[in-house]
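K.L.:
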Amino acid sequence: MGYCICFMMPTLTPSMLVLFFFLQLLDELPMIYSCSVFVYCLFECFKNKNSYNYLLLVLLILFSVIVTTVYLMWKEPVFHQVMYGLLVTFLVLRSVYIVTWVYPWLRGLAYTSLGVFLVGFLLWNVDNIFCDTWRDVRQKMPPVLGAVTQFHAWWHILTGLGSYLHILFSLYTRTLYLKYRPKVKFLFGMWPVIMVEAPKKQ
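When you line the sequence shown up against the numbering used here, it's residues 79 to 280, in that order.
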């Protein structure tokens, strides 16, 4: 299993383990595919021509196919984690380049998305490493407290939010480059969205 299932469950049969593995693939492989899309978009944001970087496109598709094939055959969770981490590293390095050399005023948005994502990653690792101990501790807690300390659930919430903020960062970068005068607004005073105005006519 790629991660510890930290709740009480009956004895697992081999067929159940296979089922859980394939359900796990539905969770983990889309992480590779979606992150590949983000890498392509962020590396392609600084251009005016409506063209495609076929080399980068082929490399990312080939990478996704190889990771999928190897993971189906090897079934080693660490392999998936390393490959996903590699893609995230490219995203982080590209983001740092943009906020350091191109649009330094976007540091807040970029680093917030990265920070939220890393907190989720930290909680996920705590849940993985201390699964048995943490499960025993939660059984002694009130039900509500036990529910909100499911760190694997927080991993999904925080990485989802971090990914959303990074998408906003990518959109802001692209529309800013195209001189569309983007602005970050907050729906209901708390949920960030990008509002884009048409560029001024010359």
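Cβ coordinates follow ideal geometry from the N, Cα and C atoms, glycine included.
1. For lysine 365, I'd like the list of residues in its chain whose CB is within less than 7 Å of its CB, leaving aside the five on either flank, ordered along the chain.
2. Which parts of the region 132 to 158 are runs of the beta strand (DSSP E), unbroken and 3 residues or longer, counting only runs that do not cross its ends?
3. State the Cα-Cα distance for the pair methionine 94 and phenylalanine 124, rounded to the nearest angstrom.
4. Write down every uninterrupted run of the alpha helix (DSSP H) in the region 147 to 221 whose length is 4 residues or greater and which is fully enclosed by it, in chain order.
5. Does the contact criterion of 3 or more C-beta pairs under 8 Å hold for the region 218 to 235 versus the region 200 to 208?
6. Can you give me the C-alpha to C-alpha distance between glutamine 102 and leucine 187, rounded to a whole angstrom?
7. With a cut-off of 8 Å on the beta carbons, I'd call tyrosine 162 and cysteine 113 a contact; round off their distance for me.
8. CB leucine 140 to CB tyrosine 118, shorter than 8 Å?
9. By Cβ distance, which residues of its chain are closer than 7 Å to phenylalanine 157, with the 5 residues on each side in sequence left out?
10. Thinking just about the alpha-carbon of each residue, which of Leu246, Leu104 and Met109 is nearest to the one in leucine 164?
11. Three or more beta-carbon pairs under 8 Å between the region 167 to 179 and the region 241 to 254, yes or no?
12. Tell me whether methionine 273 sits in a helix, a strand or coil according to DSSP, three-state version.
13. What whole-angstrom Cβ distance do glycine 224 and valine 194 have, given they're in contact under 8 Å?
14. Classify leucine 243 as helix, strand or coil using the three-state DSSP reduction.
15. Who are the Cβ neighbours of valine 222 in its own chain at under 6 Å, not counting the five residues just before and after it?
16. Among the candidates Phe98, Ile207 and Asp105, whose CA atom is the shortest distance from the CA of glycine 238?
17. What separation, rounded to the nearest whole angstrom, lies between the Cα atoms of tyrosine 242 and glutamine 159?
P.N.:
On the basis of the data shown:
1. Residue 365 lies beyond the stretch modelled for the chain, which goes from 79 to 280, so this question has no answer here.
2. none
3. In this prediction, methionine 94 has a pLDDT of 47, which is less than 50 and means its spatial position is unreliable; what the coordinates show is noted afterwards. For methionine 94 and phenylalanine 124, the distance between alpha carbons rounds to 48 Å.
4. 155 to 175, 185 to 207 and 209 to 217
5. yes
6. 31 Å
7. 7 Å
8. no
9. Val148 and Tyr149
10. Met109
11. yes
12. strand
13. The Cβ separation is near 24 Å, so there is no contact.
14. helix
15. none
16. Asp105
17. 20 Å
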